[in-house]
Amino acid sequence: MRILVTGGAGFLGSHLIDRLMTAGHEVICLDNFYTGNKGNILQWIDNPKFDLIRHDITEPIRLEVDQIYHLACPASPVHYQYNPVKTVKTNVMGTLNMLGLAKRVKARFFLASTSEVYGDPDVHPQHEEYRGNVNPIGLRACYDEGKRLAETLAFDYYRQNKVDIRVVRIFNTYGPRMLENDGRVVSNFIVQALQGKPLTVYGDGSQTRSFCYASDLIEGFIRLMNSDYVGPVNIGNPGEYTILQLAEAVRDMVNPGSEINFEPLPSDDPRRRRPDITKAKTLLNWEPTVQLQEGLQLTVANFRDRMNKNTDSVILGSRS
Ligand SMILES: NC(=O)c1ccc[n+]([C@@H]2O[C@H](COP(=O)([O-])OP(=O)(O)OC[C@H]3O[C@@H](n4cnc5c(N)ncnc54)[C@H](O)[C@@H]3O)[C@@H](O)[C@H]2O)c1
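Right, dumping it as structure tokens:
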């Protein structure tokens, strides 16, 4: 099949491309490199089955494809809040453009939505029927309301234009290739621990999150895309940890001497997040297989490697 991956040079998109290329598909990666980078897809650049297009999805594009995985959108608060109006445009105009493309070429369309559509949930764990508790004028709204509207658009194209859609709601995912500066909790802790700095916990650290390893998530994507179920489906790891527990796990793994510092909680930060994955289990026969300890080790190794290379290039740079 010929498959388009928007946001393919990013963290999750590049892992998805690895899976699709390895399975023998033709893949077109579309990205404006806002938070993605070529390094993530370098291994495929010379492959005749791979195409890379630098393009901003807020502009329409014409392509011939069988499937579209629509991931393009910055995922970390630091990046999506840097230019919130652009984030809304990416979620709304970008998703409209990609749904228009899917309609024209009769491609199956997969939307990467998010657990953020549940906002600061008053139902726990979150199941797909829960409608969420989102602040429409908060700092996160460009992202969570943007994704809610992206879901609305997908379902309206499905009902009105018979576009064949699939919608996944992704819960916190981590793994190799996360940006070092993306401000999300796993990368923050790993970078701070590797740099020998204190780990910063916002609030008292009792807020909870669940953490899914990237390869587990991508397996869920592929199963949903190739199933008959439209969605939305939660994909995430239901293991629930407090942020303090995560900080301690990273500290003990990387740098047991590191201190943990506490700072005020940002506004609209959800208190609890954990997926109810009953649907993914029963409809897709999917559940996560990588335990936090194992996933963290693989992620730490990747960060260590990249940070060593960065240090090398800085040293080489100053010598030349
Ligand atoms: N990583 C997570 O834990 C998580 C959780 C929930 C949802 N998601 C969703 O999954 C998708 C991928 O997330 P990620 O973690 O890989 O993020 P990422 O920031 O690493 O990747 C996003 C990619 O989209 C590209 N992009 C952004 N705006 C674009 C635009 N206007 N036109 C073209 N390309 C654009 C970026 O350059 C980047 O390559 C996003 O839609 C995100 O909302 C991720």
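Take the sequence shown: its position 188, counting from 1, is numbered 501 in the working numbering, and each next residue is one higher.
Note that the Cβ used here is the ideal one computed from N, Cα and C, for glycine as well.
**Message:** Three Cβ pairs or more, each shorter than 8 Å: is that satisfied between the segment 514 to 534 and the segment 584 to 596?
**Reply:** Taking 8 Å as the limit for Cβ pairs, the verdict is that the segment 584 to 596 does touch the segment 514 to 534.
**Request:** Go through the segment 451 to 537 residue by residue and report every complete run of the alpha helix (DSSP H) that reaches 4 residues or more, in order.
**Result:** With a minimum length of 4 residues, the continuous alpha helix (DSSP H) runs that stay inside the segment 451 to 537 are 454 to 474, 498 to 507.
**Item:** Pair within 8 Å by beta-carbon distance, residue 399 and residue 430
**Value:** In this structure, residue 430 does not lie closer than 8 Å to residue 399 by Cβ.
**Prompt:** If we count the other Cβ atoms within 10 Å of its Cβ and call it buried at 16 or more, is residue 482 buried or exposed?
**Reply:** Residue 482 is classed as buried because its beta carbon has at least 16 other beta carbons within 10 Å across all chains shown.
**Message:** Between the alpha carbons of residue 557 and residue 501, how many angstroms are there, rounded?
**Reply:** Note on geometry: alpha-carbon atoms of residue 557 and residue 501 lie some 13 Å from one another.
**Item:** the segment 474 to 489 in contact with the segment 410 to 430 per 3-pair CB rule at 8 Å
**Value:** Yes: the two stretches touch, three or more of their Cβ pairs being nearer than 8 Å.
**Message:** Tell me the rounded alpha-carbon separation between residue 441 and residue 352.
**Reply:** CA-CA distance, residue 441 to residue 352, rounds to 35 Å.
**Request:** Kindly provide the ranges of any beta strand (DSSP E) runs that are 3 or more residues long and lie completely inside the segment 381 to 455, ordered along the chain.
**Result:** Runs of the beta strand (DSSP E) spanning 3 or more residues and lying entirely within the segment 381 to 455 occur at 421 to 427, in chain order.
**Request:** Would you list the residues sitting across from residue 346 in a DSSP beta bridge?
**Result:** None; residue 346 has no bridge partner.
**Asked** In three-state DSSP terms, what is residue 590?
**Response** DSSP, read as helix, strand or coil, puts residue 590 in coil.
**Request:** Check whether the Cβ atoms of residue 371 and residue 407 lie closer than 8 Å to each other.
**Result:** One thing to note: residue 371 has its Cβ within 8 Å of the Cβ of residue 407.
**Prompt:** Around the Cβ of residue 317, are there at least 16 other Cβ atoms within 10 angstroms (buried) or fewer (exposed)?
**Reply:** A residue is called buried when at least 16 other Cβ atoms come within 10 angstroms of its Cβ; residue 317 meets this threshold and is buried.
**Message:** Shorter than 7 Å, the distance from the beta carbon of residue 455 to the closest heavy atom of ligand 1, or not?
**Reply:** No.
**Request:** Please state whether DSSP places residue 302 in a helix, a strand or coil.
**Result:** Since the first and last residues shown for the chain are 314 and 633, residue 302 lies out of range.
**Message:** Restricting to Cα atoms, I'd like to know which of 432, 571, 493 is closest to residue 513.
**Reply:** Nearest of 432, 571, 493 to residue 513, Cα basis: 571.
**Item:** Pair within 8 Å by beta-carbon distance, residue 433 and residue 446
**Value:** Cβ distance < 8 Å, so residue 433 and residue 446 count as in contact.
**Prompt:** Taking buried to mean at least 16 other C-beta atoms within 10 Å of its own C-beta, is residue 569 buried or exposed?
**Reply:** Result: exposed.
**Request:** Could you tell me the distance, in whole angstroms, from the CA atom of residue 491 to the CA atom of residue 377?
**Result:** Computed Cα separation, rounded: 30 Å.
**Request:** Give the single residue among 472, 527, 419, 506 whose Cα lies nearest to the Cα of residue 603.
**Result:** Looking from the CA of residue 603, the closest CA among 472, 527, 419, 506 belongs to 527.
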